[in-house]
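Here the numbering used here is used: position 187 in the sequence shown is 188, and no number is missing along the way. Glycine included, C-beta positions come from ideal geometry on N, C-alpha and C. All figures in this text were calculated on a predicted structure; none of them were measured in a lab.
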Amino acid sequence: MTDLTTEQRQAFALASRYPAHVDAARLYGEEFHRDAAGLFRALRARHGAVAPALLEGDLPVWLVLGYREMHYVLTRPELFDRRTPWNALDLIPPDWSLQWILATESVMRSGGEEHERRSTVLHDALAAVNQFELRARCERIADALIDEFAAVGHAELMSQFAQQMPVRVVAWMLGFPLAEGPAVVRDLLILMDYTAEAPAAYGRLLARMHDLIRQRREWPTFDVASRMVHHPLAAPDDQLVEDMQYVVSGGQQPTAYWIGNTLRLLLTDTRFAMTLAGGRRSVGQAMGEVLWEDPPLANLSAYWAARACQMGGYQVQAGDMLVLGIAAAHTDPHIRPDQTTGAGGNQAHLAFGHGTHRCPFPAQELAEVIAETAIEVLLDRLPDLSLAVPADKLRWEESVWFRGLTGLPVVFTPA
């Protein structure tokens with residue numbers, strides 16, 4: 002096989018080792034990004050609750066589309082875990098852009114007693130954040146961001162507001178010195194863009210976290226970093242840095258997209274437009290609906306079958322990777338037979354995951370405070386906010402993992 006091209010070797014491997022994945026749907030590329038929801042519907046009609054699919058590089062995965070099947074995966078750690086070696090590791094190209102999926106140090110990739118210990122540290126450190134103080138800080142940060150464009154009469158709310166809010170709040174919660182705040186914000190935003198500068202930004206961010214841990218070990222204060230460092234179950238410094246990085250990255254992009262997706266709904270849906278001037282009463286309802294209809298984390302990665310099992314009519318082998326389609330599961334006709342009606346106050350969504358590795362409950366509460374406060378302050382300050390382009394001109398990021406806008410241009414009366 003030495004004379005075969007990379008594509009030919011990949012095709013041979015699929016045919017011999019993963020026959021169900023030959024000509025499977027690709028979770029990347031123009032067709033997927035043009036209409037991911039349509040593709041998921043087609044896959045459900047053809048395959049049912051579980052479908053063979055290909056990640057970038059034509060690497061085989063099982064896409065879980067069914068709500069009940071996803072719930073099953075998330076609540077059976079003895080069958081599906083985040084540490085089993087992937088049986089397709091030998092097929093990964095050296096320059097694969099999704100290498101981060103294979104990282105093993107974060108609390109979210111740990112298991113058993115180690116996961117329980119590390120998640121307890123995170124839970125306790127985040128649960129101790131004073132939500133009244135947090136809301137007040139969010140209001141000040143939101144006001145400062147709005148001050149930068151309020152007098153102009155137009156803004157691009159993703160880059161100037163939604164992306165800026167979470168990272169600034171999280172940097173404050175963790176306890177980064179005020180003077181370092183702008184550098185932390187800048188590096189994290191670079192990291193989220195996945196540009197060529199991302200590795201250097203990641204290195205600087207980790208170095209600052211190591212410095213913060215050393216400082217808080219000697220001079221503890223009332224921030225999240227101090228509580229993590231001095232927790233009786235605290236991990237070694239390297240693991241603390243990994244878990245702190247999880248707090249930063251997990252709190253940034255999903256929350257930013259939650260803000261952006263909710264603003265889009267408020268500005269484009271007539272059910273909310275009528276009450277937009279009043280603002281606050283409709284914000285919580287819109288935020289809840291977004292978690293069902295446009296969840297910021299659209300698909301969840303890095304679950305592997307610990308042993309062979311049956312799923313959705315397919316034989317899943319030990320070491321097979323599963324991609325959990327959160328957005329697809331939320332439209333599962335078995336749980337939502339009438340897709341024309343909203344989810345109302347239903348809290349059974351999977352937007353924060355479920356089971357052992359779900360997003361820590363305090364983190365969910367803090368993200369909600371950040372997003373809700375940001376939106377409320379924006380509507381209070383700029384009550385006649387409206388889109389600067391037709392709604393159908395808004396574009397979504399080309400990502401299999403996230404559901405978020407590339408931009409949200411608006412106009413308003415200068416204030």
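- Excluding its 5 nearest sequence neighbours in each direction, I260 has C-beta neighbours in its own chain below 7 Å: A163, M166, A372, A375 and I376, listed in chain order.
- In the structure shown, the three-state DSSP call for L383 is coil.
- Counting every other CB atom within 10 Å of its CB across the protein chains shown gives S227 a total of 16 or more, marking it as buried.
- Annotation: the continuous alpha helix (DSSP H) that includes Q132 extends over Q132 to D148.
- The C-alpha of A328 lies about 31 Å from the C-alpha of I147.
- V317 is not a Cβ neighbour of L28, given a cutoff of 8 Å.
- When DSSP states are grouped into helix, strand and coil, V401 belongs to the coil group.
- According to the DSSP assignment, H155 belongs to the beta strand (DSSP E) that extends over H155 to E157.
- In this structure, A129 keeps its C-beta atom at 8 Å or more from the C-beta atom of A416.
- Non-local C-beta neighbours of R359 in its own chain, meaning closer than 6 Å and more than five positions away in sequence, comprise F353, ordered along the chain.
- Assigned with DSSP and collapsed to three states, W87 falls in coil, not helix or strand.
- Bounds of any alpha helix (DSSP H) do not take in Y19, whose DSSP letter is neither H nor E.
- Residue state for A389 is assigned as coil, using DSSP reduced to three classes.
- The C-beta distance from L99 to E134 rounds to 38 Å, too long to fall under 8 Å, and the pair is not in contact.
- By the beta-carbon neighbour count (other beta carbons within 10 angstroms, threshold 16), V23 is exposed.
- Spanning the alpha carbons of Q286 and V370 requires a straight line of approximately 14 Å.
- With fewer than 16 neighbouring CB atoms inside 10 Å of its own CB, Q9 falls in the exposed class.
- Closest in C-alpha terms to E294, from the list H331, L92, A319 and M312, comes H331.
- By the neighbour-count criterion, in which a residue is buried when 16 or more other Cβ atoms sit within 10 angstroms of its Cβ, A309 is exposed.
- Residue pairing of F81 in beta bridges, as defined by DSSP: A306.
- Per DSSP, Y258 lies in no beta strand (DSSP E) segment; the continuous alpha helix (DSSP H) that holds it begins and ends at D238 to T269.
- Looking only at M229, D385 and G320, the smallest Cα-Cα distance to V412 is reached by D385.
- In the DSSP secondary-structure assignment, V65 is bridged to V51 and L325.
- Here L192 is not near A184, since their CB atoms are 8 Å or more apart.
- Residues L192 of the same chain have their beta carbon placed closer than 7 Å to that of Y203, with the five preceding and five following residues left out of the count.
- Taking the Cα positions, V62 is about 32 Å away from L206.
- In this structure G405 is in contact with E398, their Cβ atoms being roughly 5 Å apart against a cut-off of 8 Å.
- When only Cα atoms are considered, V65 and A12 end up about 23 Å apart.
- For A201, the secondary structure class from DSSP, reduced to helix, strand or coil, is helix.
- Contact annotation, A389 with L127: C-beta distance approximately 37 Å; criterion of less than 8 Å not satisfied.
- Contact between the segment 79-86 and the segment 41-48 is absent, with fewer than three C-beta pairs closer than 8 Å.
- Around T121, the same chain offers L234 as residues with beta carbons nearer than 7 Å, after the five sequence neighbours per side are excluded.
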